[in-house]
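Input: a single structure, listed below in structure tokens.
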Amino acid sequence: MSLIGNIQKRLDSKQKRWSSILTLTVCLIILTPLCGFLFQCGCNWPWSGLDTHCNFYKPLHKNVCPWCSSMIIGLLSTVSAMITAAGTTTAASPWWQKQPPVKEISMRTLSGVTGFLVISITSAAAAAIYQGYPFGIGSYWN
201 MSLIGNIQKR
211 LDSKQKRWSS
221 ILTLTVCLII
231 LTPLCGFLFQ
241 CGCNWPWSGL
251 DTHCNFYKPL
261 HKNVCPWCSS
271 MIIGLLSTVS
281 AMITAAGTTT
291 AASPWWQKQP
301 PVKEISMRTL
311 SGVTGFLVIS
321 ITSAAAAAIY
331 QGYPFGIGSY
341 WN
């Protein structure tokens, strides 16, 4: 089956489409403040400056945000978290499909955001350990 056919099959209901849109929207909104929380780097909500206060932009700062300082690690972390969120949201679940549409959308969205958070936190810890980042989540291992 082609990639397009697989995506169409995963998004075969209104509930799956709406929950995917909601999940990816929530994930995109919380990504930068999550970075700021996990690394204590200064990243914030989109309406509060996004990454303008990140320590990555401070030239004299010795330790900079692991996701911002390494394009490869940052992309791998965020893309894998987004793929997990999308996959979890559209996963087949007979129980979900028996629920009213609003409840199904809510449960799918919640599971997608949870998958996103699990992969984000795990990859953030790995990035902090790999780069020897001493702040935030990195302070537990370095």
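Numbers in this note's numbering are just positions in the sequence shown, counted from 1, shifted up by 200.
For glycine and all other residues, C-beta sits at the position ideal for the given N, C-alpha and C.
What you are looking at is a predicted structure, and each value in this text was computed from that prediction instead of being measured.
Residue i versus the options, residue with shortest Cα-Cα distance
i    : options                   : result
I283 : G274, S270, G315 and E304 : G315
Q215 : S311, V318 and T290       : T290
N263 : Q331, I273 and G249       : Q331
G312 : I329, A327 and W218       : W218
V318 : Q299, W295, T288 and P334 : T288
L231 : C243, L222 and A328       : C243
Secondary structure of residue i, DSSP reduced to three states
i    : result
P334 : coil
T252 : coil
A325 : helix
L260 : coil
K298 : coil
For residue j and residue i, the rounded distance between their alpha carbons
i    : j    : result
P286 : T225 : Here residue 286 is Ala; the residue named in the question, Pro, does not match the sequence. Straight-line Cα distance between these residues: approximately 11 Å.
A281 : C235 : 13 Å
Q297 : G338 : 40 Å
C265 : P259 : 12 Å
T309 : P233 : 19 Å
C241 : L222 : 27 Å
Query raised in the report: Is there contact here, the region 266 to 277 with the region 323 to 331, by at least three beta-carbon pairs under 8 Å?
Result: yes
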